[in-house]
Amino acid sequence: MGNSMDYIYTSGEQKILIEVEQKSIRQSVIEQYIRCRKIQGMTQAELAKRAGIPRTNITRFESGNYNPSLEMLVRIAAALGMTLQVQLMAKE
């Protein structure tokens, strides 16, 4: 991609690299999800069955090779007995 697609320009001279931001957020979500699944002692196969999602999608998501939809994340959260919260926050 060219530079015009690589950056989000915000006020002033501040630039946020999209790919870096996405990778960081995705890794954080994956880590939270794996921690919750393991705390509950649930296998990928058990979670997939409860969520109605193919186990291969769960495996790919955990490895970082799958960008899940919001629907998939909501289904995973429900299968874990949790809710999903997404929020936009002001930069500090």
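Numbered by my numbering, the letters in the sequence shown go through residues 70 to 161 in order.
Using N, Cα and C, we set each Cβ at its ideal position, and we do this for glycine too.
- Taking the C-beta atoms as reference points, Pro123 is found nearer than 8 Å to Ala117.
- In this structure, Arg95 lies away from Leu149, with their beta-carbon atoms at least 8 Å apart.
- Note on Ile127: 16 or more other CB atoms within 10 angstroms of its CB, so buried under the neighbour-count rule.
- Of the candidates Glu100, Val143, Tyr102, Asn136, Val143 places its Cα closest to the Cα of Gly121.
- One Cα belongs to Thr112, the other to Leu139, and the distance between them is close to 21 Å.
- With fewer than 16 other CB atoms across the displayed protein chains lying within 10 angstroms of its CB, Ile87 is exposed.
- For Thr125, the enclosing alpha helix (DSSP H) covers residues 124-132.
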